[in-house]
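Note that numbering that gives the first Met the number 0 has the sequence shown beginning at 0, numbered continuously upward. Working notes, beginning with the structure itself.
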Amino acid sequence: MTDLRVVDVAEAQLDSVWEVRIRSFGPGGDRDEWRKTALRFIADGRYLGVVDGDQLVAAARIWPFEQWWGGRRVPLGGVAGVVVAPEYRGQGVGSLLMRGVLQRCVEKGYPLTALYPATTVLYRHLGYEFAGGRYKFSFQAADLRTLGGKGTAVRKASRADAELFLQLAGKSHETRRSNGPLIWPTSEIESWLEDEDNFAYVADDGFVVYNWSDGNLAVDELVAGSEETARALWATVGSGASIARTVHAYCPPFDPIHLLAEHEAEGDARINRWMLRLVDAPTAIAGRGFPEGVVLEADLRIDDPELPTNTGDWHLSVVDGVGRLTPSEPSSDALRLGPRGLAALYAGTPLTALRGAGLAAGGAATADSALDAVFGGATPYMLDYF
Ligand SMILES: CC(C)(COP(=O)(O)OP(=O)(O)OC[C@H]1O[C@@H](n2cnc3c(N)ncnc32)[C@H](O)[C@@H]1OP(=O)(O)O)[C@@H](O)C(=O)NCCC(=O)NCCS
């Protein structure tokens with residue numbers, strides 16, 4: 000290893016990226032489809048690699064998402080496909096690559112970045128921390144079949160409904176003050192809707208997308224603006240009960256379906272956890288929603304070795320559902336956080352947990368409950384893996 004550099008992946012290097020991916024994630028996948036998607040990341044400067052001389056030895060890509068926080072949308076770089084060639088592992092190549100990824104998130108103007116970690120160590124070193132989960136529940140198809148909602152008109156959806164789906168989901172997340180769900184590029188939603196393996200139905204104030212999964216049914220997303228629509232859409236999926244015994248569903252742990260369905264088919268949920276990092280703390284705070292009617296004035300001291308623009312003495316004020324982080328004078332009462340504590344706090348992790356893990360220190364003891372109230376709210380979740 001002589002000349003390790005972070006570079007933008009070039010089209011001519013995609014065969015090498017594919018080879019490292021196979022060695023990292025195992026065989027399988029549609030190479031042509033992967034290549035088509037990869038070219039879109041390359042065109043937009045969102046595919047980074049590490050080269051040793053002219054040999055590509057690592058790669059990662061960045062999805063251009065937005066994420067709901069407190070019912071408002073915040074731009075987010077979703078980091079995926081992080082791979083290092085086996086013979087280069089354990090030598091700091093993954094860390095070098097991830098530093099390049101963070102820098103690119105800065106350049107792209109994403110105040111947040113998130114990822115699903117296969118190992119936490121690498122990402123924690125870079126300032127990421129657990130912030131939420133992807134929950135998979137199971138229901139009995141027969142229960143869903145009889146949920147009713149027969150007065151609600153439900154029609155088959157098509158590719159042309161992509162914008163409508165985005166609007167309906169947006170309205171639901173604003174109303175629920177959702178934390179965590181992603182907003183995908185419209186082109187991705189169009190391609191899901193034209194995939195013949197996905198079944199999509201739409202009502203006036205909601206929609207569902209589901210598919211077959213090992214002889215059972217799996218709901219990828221269900222949005223309903225009213226109880227009637229929730230009943231109608233879940234019953235549409237449950238109408239498959241003569242063949243499918245179980246309906247798996249990606250949904251938040253507080254979704255109304257938990258209050259409507261008689262049984263959960265399996266008593267537990269499967270959870271994949273994702274990590275978050277603030278790239279630009281003032282913009283991330285200004286961009287998210289906060290609970291109305293909760294007021295907070297607090298001093299923070301942030302130390303962020305990877306992204307020094309976050310480092311410093313700050314004053315956090317939250318009024319009327321809007322937050323501001325402004326530079327301030329040092330304060331002996333400041334709550335001290337690194338990037339991991341800041342990310343976990345942003346996602347509503349209680350201060351007692353942060354203090355218990357050594358991710359927060361100092362601060363006025365009486366401010367903890369106000370900070371919890373400001374950042375707390377609906378449990379952060381995502382529906383999708385990326
Ligand atoms: C995970 C992966 C990207 C790490 O790359 P790498 O170049 O070995 O990482 P680094 O050398 O920069 O290591 C950074 C830190 O992570 C730790 N680390 C790396 N791989 C680890 C693993 N599998 N388990 C636990 N810690 C690990 C290192 O020990 C180091 O921590 P330290 O400085 O405290 O010792 C690489 O092993 C890989 O490609 N794995 C297969 C694919 C994969 O899992 N990708 C991640 C998808 S989210």
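C-beta atoms are modelled at their ideal positions from N, C-alpha and C, and glycine is treated no differently.
Query: Rounded separation between Pro290 and Arg144 - CA only; Result: 36 Å
Query: Three CB pairs or more closer than 8 Å across the stretch 55 to 66 and the stretch 82 to 91; Result: yes
Query: Burial state of Gly89 (16 or more Cβ within 10 Å); Result: exposed
Query: Under the three-state DSSP convention, the category Ala248 falls into; Result: strand
Query: Contact set for Val236: own chain, Cβ-Cβ below 7 Å, skip 5 residues either direction; Result: Leu143, Val207, Tyr209, Leu216, Val218, Val246
Query: Residue closest to Leu75, alpha-carbon to alpha-carbon, out of Ala240, Asp279, Asp204; Result: Asp279
Query: Cβ contact check for the stretch 119 to 133 and the stretch 268 to 284: 3 or more pairs under 8 Å; Result: yes
Query: Alpha-carbon spacing of Gly70 relative to Gly27, whole angstroms; Result: 38 Å
Query: Cβ-heavy atom distance, Val88 to ligand 1, below 7 Å; Result: Sequence check: residue 88 is Arg here, not Val. It does: the Cβ of Arg88 is within 7 Å (strictly closer) of some heavy atom of ligand 1.
Query: Nearest-angstrom Cβ-Cβ length linking Leu334 and Gly361, presumed shorter than 8 Å; Result: 6 Å
Query: Nearest residue (CA-CA) to Val317, options Tyr46, Leu306, Ala285; Result: Ala285
Query: Nearest-angstrom beta carbon gap, Val201 and Ala156 [assumed within contact, 8 Å]; Result: 4 Å
Query: Check: Thr118 C-beta below 7 Å from any heavy atom of ligand 1; Result: yes
Query: Same chain, Cβ closer than 7 Å to Ala161, neighbours up to 5 away in sequence not counted; Result: Thr185, Ile188, Glu189, Leu192
Query: Chain-order list of residues whose beta-carbon lies under 8 Å from that of Leu47 (same chain, five-residue window excluded); Result: Val5, Val6, Asp7, Val8, Ala58, Ala59, Arg60, Ile61, Leu96, Gly99, Val100, Arg103
Query: Bridge partner(s) assigned by DSSP for Ala57; Result: Val49, Val83
Query: DSSP state of Trp191 mapped onto helix, strand, coil; Result: helix
Query: Any non-hydrogen atom of ligand 1 closer than 7 Å to Ser15 Cβ; Result: no
Query: CB contact flag (Leu350, Ala363, <8 Å); Result: no
Query: Val82 CB to nearest heavy atom of ligand 1 below 7 Å; Result: yes
Query: Three-pair Cβ contact test at 8 Å for the stretch 224 to 241 versus the stretch 110 to 123; Result: no
Query: For Ile182, the three-state DSSP class (helix, strand or coil); Result: strand
Query: Three-state class that DSSP yields for Lys135 in the structure shown; Result: strand
Query: Residue closest to Arg300, alpha-carbon to alpha-carbon, out of Val293, Arg287, Glu195, Ser330; Result: Ser330
Query: Beta-ladder partner(s) of Tyr209, from DSSP; Result: Phe198, Val218
Query: Span separating the alpha-carbon of Asp194 from that of Arg158; Result: 9 Å
Query: Contact under 8 Å by Cβ, Ala223 with Ser137; Result: no
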